[in-house]
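Colleague: The structure follows.
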Amino acid sequence: MNAGYLSQINKIIDIALKEDLGPGDITTSAIIDPSIKGKARLLAKEEIILAGVEVFSSVFSLLDTEIVVEYNYHDEDVVPKGDHICIVKGSMKGILSGERTALNFLQHLSGIATLTRRYVEKIDPSQVRVIDTRKTTPGLRMLEKYAVRMGGGFNHRFGLFDGILIKDNHIAVAGSISEALAKIKGRVPHTLKIEVEVDDIKGVKEAIRAGADAILLDNMSLEEIREAVSIAGGRVLLEASGGVTLESIEGISQTGINLISVGAITHSARSVDISLEVI
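Counting in the numbering used here, the sequence shown runs from 76 upward without gaps.
The structure is reproduced here in structure tokens:
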């Protein structure tokens with residue numbers, strides 16, 4: 076992670092720490108003298124794809140710059156069940172006060188990376204990509220999309236500012252796919268690709284005629300996706316989206332589609348089981 080990225084992440088961590096600590100950790104402050112030093116180890120209680128080690132470390136460094144984290148594994152690594160991810164050394168007061176916040180970030184991000192990897196393992200990455208969506212936790216999009224990359228997935232647009240996707244409601248207001256494309260083409264830089272969401276083959280044909288660069292096939296059957304691939308003939312990128320599951324993604328990937336977007340890898344990933352134990 077570069078310096079600018081870490082600066083933004085530290086702002087997110089600061090908010091999380093203030094939420095948890097408030098004016099201070101009452102329990103730890105009453106029991107643990109600030110001078111007591113020690114260490115704790117981070118244990119993976121199930122096999123995971125690790126993501127978020129920089130965030131984990133930053134939680135402790137923001138509390139106490141003398142706390143040191145020594146890693147056995149790094150982001151994108153497969154961590155077997157029962158292995159120790161790292162050792163945290165330093166002030167026990169700082170370690171115990173930051174424990175929950177640090178774990179929350181690491182468990183959540185590793186959960187996203189782990190689920191993403193499960194989807195990626197179902198496809199041939201040389202033929203099709205698994206991509207994420209904007210269905211992310213408010214305020215955590217940057218981190219969650221990073222975790223997707225650690226799991227082997229790819230990022231769709233980060234926000235409404237860095238990509239064009241004409242969705243069904245845009246089309247409803249504009250009047251048609253052709254009208255929406257005609258309006259946007261004269262108002263955006265030529266360097267930006269224009270993607271259009273459609274839900275039937277008629278829409279695919281209209282989007283191609285109107286000059287779309289990419290087409291999102293929303294909740295289409297495998298038969299419809301194959302037909303769309305045939306019609307497109309490689310002229311536009313095709314993205315399959317809507318209700319994609321671990322059970323359905325393999326079949327979708329074999330239709331000739333270019334991209335498969337999966338909202339579940341961010342909005343439905345469970346936090347993995349990791350614990351911090353004082354030793």
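Using N, Cα and C, we set each Cβ at its ideal position, and we do this for glycine too. Every value quoted in this text rests on a predicted model; they were computed, and no experiment measured them.
(1) In chain order, what residues of the same chain have a beta carbon less than 6 angstroms from the beta carbon of G113, not counting five sequence neighbours either side?
(2) Do A177 and D150 have their C-beta atoms closer together than 8 angstroms?
(3) DSSP three-state label for V279, please.
(4) What are the residues that DSSP puts in a beta bridge with D293?
(5) Work out the CA separation of N294 and V279 for me, nearest whole Å.
(6) Hey, could you find the ends of the alpha helix (DSSP H) H245 is sitting in?
(7) So which of L117, H231, H159 has the shortest CA-CA distance to I340?
(8) In terms of alpha-carbon separation, which member of K197, G226, V203 lies closest to T189?
(9) Is it buried or exposed for G165, if we count other Cβ within 10 angstroms and need 16 for buried?
(10) Tell me the DSSP secondary structure of F180 in three-state form.
(11) Beta carbon of I290, beta carbon of A282: below 8 angstroms?
(12) Could you spell out where the beta strand (DSSP E) holding K112 opens and where it closes?
(13) Going by Cα to Cα distance, which pick from K197, E196, E121, I187 is closest to I160?
(14) In whole angstroms, give me the CA-to-CA distance for N333 and V311.
(15) Entirely within the stretch 158 to 240 and at least 4 residues each: give me those alpha helix (DSSP H) ranges in chain order.
(16) In its own chain, which residues sit with a C-beta less than 6 angstroms from the C-beta of G234, not counting the 5 before and 5 after it?
(17) For the alpha helix (DSSP H) holding S336, just list the boundary residues, first then last.
(18) Is there at least one Cβ from chain C nearer than 8 angstroms to I324's Cβ?
(19) Between the C-alpha atoms of G124 and Q83, what's the straight-line distance to the nearest angstrom?
(20) Skipping 5 residues on each side, what residues in its chain have a beta carbon closer than 6 angstroms to that of R345?
(21) Below 8 angstroms on the Cβ atoms is my guess for E270 versus L240; work out the distance and round it to an integer in Å.
(22) Are there three or more Cβ pairs, one per stretch, closer than 8 angstroms when the stretch 317 to 325 is compared with the stretch 138 to 152?
Modeller: Working from what's here:
(1) Sequence index remark: in the sequence shown, residue 113 carries index 38 (1-based). Contacts found: M167.
(2) Numbered from 1 along the sequence shown, position 102 holds the residue referred to as residue 177. Numbered from 1 along the sequence shown, position 75 holds the residue referred to as residue 150. Contact: no.
(3) As a working note, residue 279 is residue 204 in the sequence shown. Helix, per DSSP.
(4) Start at 1 with the first residue of the sequence shown, and residue 293 comes out as number 218. DSSP lists S316 as partners of D293.
(5) Counting from one through the sequence shown, the residue named residue 279 turns up at place 204. Counting from one through the sequence shown, the residue named residue 294 turns up at place 219. For V279 and N294, the distance between alpha carbons rounds to 13 angstroms.
(6) Within the sequence shown, numbered from 1, the residue matching residue 245 stands at position 170. Counting along the chain, the alpha helix (DSSP H) containing H245 begins and ends at 243 to 249.
(7) Counted from its first residue, the sequence shown places residue 340 at position 265. Ranking L117, H231, H159 by Cα distance to I340 puts H231 first.
(8) As a position in the sequence shown, residue 189 is number 114, starting the count at 1. Comparing Cα-Cα distances from T189 to each of K197, G226, V203, the minimum goes to G226.
(9) To locate residue 165, count along the sequence shown from 1; it is residue 90. It counts as buried.
(10) Numbered from 1 along the sequence shown, position 105 holds the residue referred to as residue 180. It is helical.
(11) Reading the sequence shown from its first residue, position 215 is the one you call residue 290. Reading the sequence shown from its first residue, position 207 is the one you call residue 282. A contact, by the Cβ cut-off of 8 angstroms.
(12) Translated into positions along the sequence shown, residue 112 becomes position 37. It spans 112 to 119 - the beta strand (DSSP E) in which K112 sits, taken as one unbroken run.
(13) As a working note, residue 160 is residue 85 in the sequence shown. When each option's Cα is compared against that of I160, the closest is E121.
(14) As a first step, residue 333 is located in the sequence shown; it is residue number 258 there, counting from the start. As a first step, residue 311 is located in the sequence shown; it is residue number 236 there, counting from the start. Near 9 angstroms, if we compare the C-alpha coordinates of V311 and N333.
(15) 167 to 195, 216 to 225
(16) Translated into positions along the sequence shown, residue 234 becomes position 159. Excluding residues within five positions, none has a Cβ falling inside 6 angstroms.
(17) The residue you call residue 336 lines up with position 261 of the sequence shown. Not the alpha helix (DSSP H): S336 falls in the beta strand (DSSP E), residues 334 to 336.
(18) Protein chain content of the structure displayed is limited to a single chain, and chain C is not contained in it.
(19) Position 49 of the sequence shown, counting from 1, holds the residue named residue 124. Position 8 of the sequence shown, counting from 1, holds the residue named residue 83. Per the sequence shown, the amino acid found at residue 124 is Ile instead of Gly. Their backbone Cα atoms lie some 24 angstroms apart in a straight line.
(20) What you label residue 345 is simply residue 270 of the sequence shown in a count that begins at 1. The residues are G186.
(21) Indexing the sequence shown from 1 puts residue 270 at position 195. Indexing the sequence shown from 1 puts residue 240 at position 165. The C-beta distance from E270 to L240 rounds to 5 angstroms, short enough to fall under 8 angstroms.
(22) no
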